[in-house]
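Reading through the structure tokens given below for one structure.
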Amino acid sequence: MNYVAHMIGEYLGHTLNWVYSQIKYVRKYTPYVITRKTINLDSYPLERIYTSRKADIAPTTRMSWPERIIRRMGFLPPVDFRCFSNVLRRYPPLFLHAHFGWEGFFALGLKRKHNIPLVTRFYGYDVGILPQIPLWRRRYRRLFSQGDYFIVEGNNMKNTLMGMGCPESKIYVHHLGVELEKTPYQSRVPHSQIMRVLIAASFKEKKGIEYALRAIAGVQAIRNDIELQTMIIGDGPLRDLLHGLAKDLEIDKSIQWMGYRSHDFFVQQLYDFDLFLSPSVTALNGDTEGGAPVALIEAGASGLPVISTTHADIPEVVLNGKTGILVPERSVDALVDAVLYLGRNPETRIDMGKQARLHIETNYHAEIQGKQLEAMYSSFDQTING
Numbered sequence: 020m021n022y023v024a025h026m027i028g029e030y031l032g033h034t035l036n037w038v039y040s041q042i043k044y045v046r047k048y049t050p051y052v053i054t055r056k057t058i059n060l061d062s063y064p065l066e067r068i069y070t071s072r073k074a075d076i077a078p079t080t081r082m083s084w085p086e087r088i089i090r091r092m093g094f095l096p097p098v099d100f101r102c103f104s105n106v107l108r109r110y111p112p113l114f115l116h117a118h119f120g121w122e123g124f125f126a127l128g129l130k131r132k133h134n135i136p137l138v139t140r141f142y143g144y145d146v147g148i149l150p151q152i153p154l155w156r157r158r159y160r161r162l163f164s165q166g167d168y169f170i171v172e173g174n175n176m177k178n179t180l181m182g183m184g185c186p187e188s189k190i191y192v193h194h195l196g197v198e199l200e201k202t203p204y205q206s207r208v209p210h211s212q213i214m215r216v217l218i219a220a221s222f223k224e225k226k227g228i229e230y231a232l233r234a235i236a237g238v239q240a241i242r243n244d245i246e247l248q249t250m251i252i253g254d255g256p257l258r259d260l261l262h263g264l265a266k267d268l269e270i271d272k273s274i275q276w277m278g279y280r281s282h283d284f285f286v287q288q289l290y291d292f293d294l295f296l297s298p299s300v301t302a303l304n305g306d307t308e309g310g311a312p313v314a315l316i317e318a319g320a321s322g323l324p325v326i327s328t329t330h331a332d333i334p335e336v337v338l339n340g341k342t343g344i345l346v347p348e349r350s351v352d353a354l355v356d357a358v359l360y361l362g363r364n365p366e367t368r369i370d371m372g373k374q375a376r377l378h379i380e381t382n383y384h385a386e387i388q389g390k391q392l393e394a395m396y397s398s399f400d401q402t403i404n405g
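Numbering (our numbering), first residue to last: 20 to 405.
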């Protein structure tokens, strides 16, 4: 069979549906996963998954100090290397596809041992935070030299990898895909004097929720003839800070704080709102979206206009003035203006929602993106084998 082996540390986090779509919708190749541990198998079923840790203890098992030292030295722990190596020997793949830059680095030993072409896909943290660490800058230089192909979400991430020393000839742009049948288009019916705003993100600096809250307060201070109703789905390290800020801004009573919820809950909520607000920023520690939050793709697929920022690859997902509005990072005034504009022009919101759906259907449909990834694999195979 034409196998593709997917390597990821944990299969599969509940928010990583975009990794699953790359496995599920590439149908000309037979996928399997090599991983340390498994979670959420009901949500992400796959026939062939091979774990290096016992299933009954894997979800709670942390690496021992000796294993951490081995990884610090740049090697997979022996238990992982032996398991993965045995699987690769038993089911020789055409490619070893590592998800996230750090997995690509630790896959280099397997590539050398089995002489397998290595494809590494980057996402966000792996291009924002890790390259600031000297150890990982050195590791990435090795990965870019010894790895064969690198996949990124958009041209901004491509330029980032090139700036880190990756040869342009090795980099390929491939958009993430979402399952459109699970996020059907629906035109919103405007509510008189009410503007419903949805925010959904982890409570990290790069998500820019602080600026979203300040913008909501700014809109409410200017417009007393329209009521903003806001729901925030998410949680994280900045929870106390954000809750405190909402109280200081005197907007806490108009906000529903939902905490962490399932992906299905998020998708269901999309249809009850008029606007998705997601003002991502580059954090002070350098953390970025890398590409673009998949939530923006799903919001657009549902027919919801987005207000976001000219950050990372977001301008490829949200077309400024057509499917949403983009503003500079950390510009509260620009966010206020954008919210006010869409609040005053419900027909524009509806039209942007229609255009957003068309844009996502064309460029971020899981089925289409799966075929494009198949074509990439075929191109890689022809280049290697002639």
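Cβ coordinates follow ideal geometry from the N, Cα and C atoms, glycine included. Model, not experiment: these values are computed from the prediction.
Answer with buried or exposed for residue 121, where buried requires no fewer than 16 other C-beta atoms within 10 angstroms of its C-beta.
Your numbering for residue 121 matches position 102 in the sequence shown. Burial call: buried.
Leaving out five residues before and five after residue 181 in sequence, what residues of the same chain have Cβ atoms less than 8 Å from its Cβ?
Taking the first residue of the sequence shown as position 1, residue 181 is located at position 162. Within the same chain, residue 181 has close Cβ partners 187, 190.
Closer than 7 Å by C-beta to residue 234: which residues in its own chain qualify, once you throw out the five before and the five after it? Chain order, please.
The residue given as residue 234 occupies position 215 in the sequence shown. The answer, listed in chain order, is 351, 354, 355, 358.
In terms of alpha-carbon separation, which member of 144, 112, 149, 123 lies closest to residue 133?
For the purposes of this step, residue 133 is taken as the residue at position 114 of the sequence shown. Ranking 144, 112, 149, 123 by Cα distance to residue 133 puts 112 first.
Where does the unbroken beta strand (DSSP E) through residue 278 begin, and where does it stop?
Looking up residue 278 in the sequence shown gives position 259. Where residue 278 is concerned, the enclosing beta strand (DSSP E) stretches over 274–278.
For residue 141, which residues from the same chain have a beta carbon less than 6 Å from its beta carbon, with the 5 sequence-adjacent residues on both sides left out?
Counting from one through the sequence shown, the residue named residue 141 turns up at place 122. If we look at residue 141 and ignore the five residues flanking it on each side, its Cβ neighbours are 120, 171.
Between residue 29 and residue 308, what straight-line distance do the alpha-carbon atoms span, to the nearest angstrom?
Here residue 29 corresponds to residue number 10 of the sequence shown, with the count starting at 1. Here residue 308 corresponds to residue number 289 of the sequence shown, with the count starting at 1. In a straight line, the C-alpha of residue 29 is about 20 Å away from that of residue 308.
List the residues that DSSP assigns as beta-bridge partners of residue 133.
Working through the sequence shown from its first residue, we reach residue 133 at position 114. DSSP lists no partner for residue 133.
Have a look at residue 162 and residue 236 and give me their C-alpha separation to the nearest angstrom.
Counted from its first residue, the sequence shown places residue 162 at position 143. Counted from its first residue, the sequence shown places residue 236 at position 217. Distance between the alpha carbons of residue 162 and residue 236: 46 Å.
Taking only three categories from DSSP, how would you classify residue 31?
Here residue 31 refers to the residue found at position 12 when the sequence shown is read from its first residue. The answer is coil: DSSP assigns residue 31 none of H, G, I, E or B.
Please state if the CB of residue 173 and the CB of residue 332 are separated by a distance shorter than 7 Å.
Locating residue 332 in the sequence shown gives position 313, where the first residue counts as 1. Locating residue 173 in the sequence shown gives position 154, where the first residue counts as 1. Going by C-beta atoms, residue 332 is nearer than 7 Å to residue 173.
Does DSSP classify residue 67 as helix, strand or coil?
Sequence index remark: in the sequence shown, residue 67 carries index 48 (1-based). Residue 67: coil per DSSP, three-state reduction.
Just tell me which of 336, 326, 105 has its CA closest to the CA of residue 346.
For the purposes of this step, residue 346 is identified with residue 327 of the sequence shown, where counting begins at 1. The candidate whose alpha carbon is nearest that of residue 346 is 326.
Alpha carbon to alpha carbon, what distance is there between residue 273 and residue 212?
In the sequence shown, residue 212 corresponds to position 193, counting from 1. In the sequence shown, residue 273 corresponds to position 254, counting from 1. Each residue's alpha carbon lies about 14 Å from the other.
Classify residue 130: buried if its beta carbon has 16 or more other beta carbons within 10 angstroms, exposed otherwise.
As a position in the sequence shown, residue 130 is number 111, starting the count at 1. Buried, by the Cβ-count rule.
So, with DSSP's three-state summary, where would you put residue 26?
To locate residue 26, count along the sequence shown from 1; it is residue 7. Correct three-state label for residue 26: strand.
Between residue 77 and the rest of its own chain, which residues show a CB-CB distance below 8 Å, the 5 nearest in sequence each way excluded?
Within the sequence shown, numbered from 1, the residue matching residue 77 stands at position 58. The predicted position of residue 77 is uncertain, since its pLDDT is 43 and thus under 50; a value taken from the coordinates is nonetheless stated next. Here the set comprises 55, 56, 57, 70.
If we count the other Cβ atoms within 10 Å of its Cβ and call it buried at 16 or more, is residue 205 buried or exposed?
As a working note, residue 205 is residue 186 in the sequence shown. The residue is exposed, with fewer than 16 neighbouring Cβ atoms inside 10 Å.
By Cβ distance, which residues of its chain are closer than 7 Å to residue 290, with the 5 residues on each side in sequence left out?
Locating residue 290 in the sequence shown gives position 271, counting from the first residue. Correct list, in chain order: 205, 321.
Buried or exposed: residue 79, going by 16 or more other Cβ atoms within 10 Å of its Cβ?
On the sequence shown, residue 79 is found 60 positions in, with the first residue counted as 1. Low confidence applies here, because residue 79 scores a pLDDT of 44, under 50, leaving its location unreliable; read the following figure in that light. So residue 79 ends up on the exposed side.
Within 8 Å, do at least three Cβ pairs link the segment 191–199 to the segment 210–230?
Segments in contact, no.
List the DSSP bridge partners of residue 50.
Here residue 50 refers to the residue found at position 31 of the sequence shown. According to DSSP, which records beta bridges pairwise, residue 50 is partnered with 23.
I think residue 342 touches residue 374, with their Cβ atoms under 8 Å apart; what is that distance to the nearest whole Å?
As a position in the sequence shown, residue 342 is number 323, starting the count at 1. As a position in the sequence shown, residue 374 is number 355, starting the count at 1. With a Cβ gap of about 5 Å, residue 342 and residue 374 count as contacting.
Going along the chain, which residues of its own chain have a beta-carbon closer than 7 Å to the beta-carbon of residue 53, five neighbours each way excluded?
Your numbering for residue 53 matches position 34 in the sequence shown. If we look at residue 53 and ignore the five residues flanking it on each side, its Cβ neighbours are 24, 26, 69, 103, 106.
Which value, in whole angstroms, describes the spacing of the CA atoms of residue 386 and residue 97?
Looking up residue 386 in the sequence shown gives position 367. Looking up residue 97 in the sequence shown gives position 78. Using only the alpha carbons, I get a separation of about 37 Å.
Could you check what DSSP says for residue 150 in three-state terms: helix, strand or coil?
As a working note, residue 150 is residue 131 in the sequence shown. Residue state, collapsed to three classes: helix.
For residue 135 and residue 44, what's the separation of their Cα atoms in angstroms?
The count along the sequence shown starts at 1 and reaches residue 135 at position 116. The count along the sequence shown starts at 1 and reaches residue 44 at position 25. Cα to Cα, residue 135 sits roughly 22 Å from residue 44.
Taking residue 285 as the reference, which of 41, 316, 261, 299 has the closest Cα?
Position 266 of the sequence shown, counting from 1, holds the residue named residue 285. For residue 285, the nearest C-alpha among the options comes from 316.
Grab me the residues of residue 271's own chain with a C-beta within less than 6 Å of its C-beta, minus the 5 sequence neighbours each way, in chain order.
Start at 1 with the first residue of the sequence shown, and residue 271 comes out as number 252. Excluding residues within five positions, the ones whose Cβ falls inside 6 Å are 265.
Just mark residue 208 as buried or exposed, buried being the case when its beta carbon has 16 or more other beta carbons within 10 Å.
Residue numbering aside, residue 208 sits at position 189 when the sequence shown is read from its first letter. Exposed, by the Cβ-count rule.
Indicate whether residue 168 and residue 138 have their beta-carbon atoms separated by less than 7 Å.
What you label residue 168 is simply residue 149 of the sequence shown in a count that begins at 1. What you label residue 138 is simply residue 119 of the sequence shown in a count that begins at 1. Yes, the Cβ-Cβ distance between residue 168 and residue 138 is below 7 Å.
What does DSSP give as the partner residue(s) for residue 369 in the beta ladder?
Taking the sequence shown and counting its residues from 1, the one referred to as residue 369 is at position 350. In the DSSP output, where bridge partners are listed per residue, residue 369 has none listed.
Once DSSP output is grouped into helix, strand and coil, what is the label at residue 222?
Here residue 222 refers to the residue found at position 203 when the sequence shown is read from its first residue. In the structure shown, residue 222 sits in coil (DSSP, three-state: anything other than H, G, I, E or B).
From this set, 116, 143, 306, which residue's C-alpha is nearest residue 166's C-alpha?
The residue labelled residue 166 in the question sits at position 147 within the sequence shown. With distances taken between Cα atoms, residue 166 lies closest to 116.
From the DSSP output, which residues share a beta bridge with residue 327?
Along the sequence shown, one-based indexing puts residue 327 at 308. DSSP, once it has assigned bridges, lists 297, 345 as partnering residue 327.
Taking 7 Å as the cut-off, decide whether the C-beta atoms of residue 253 and residue 324 are in contact.
Taking the first residue of the sequence shown as position 1, residue 253 is located at position 234. Taking the first residue of the sequence shown as position 1, residue 324 is located at position 305. No; because the gap between Cβ atoms is not below 7 Å, this pair is not in contact.
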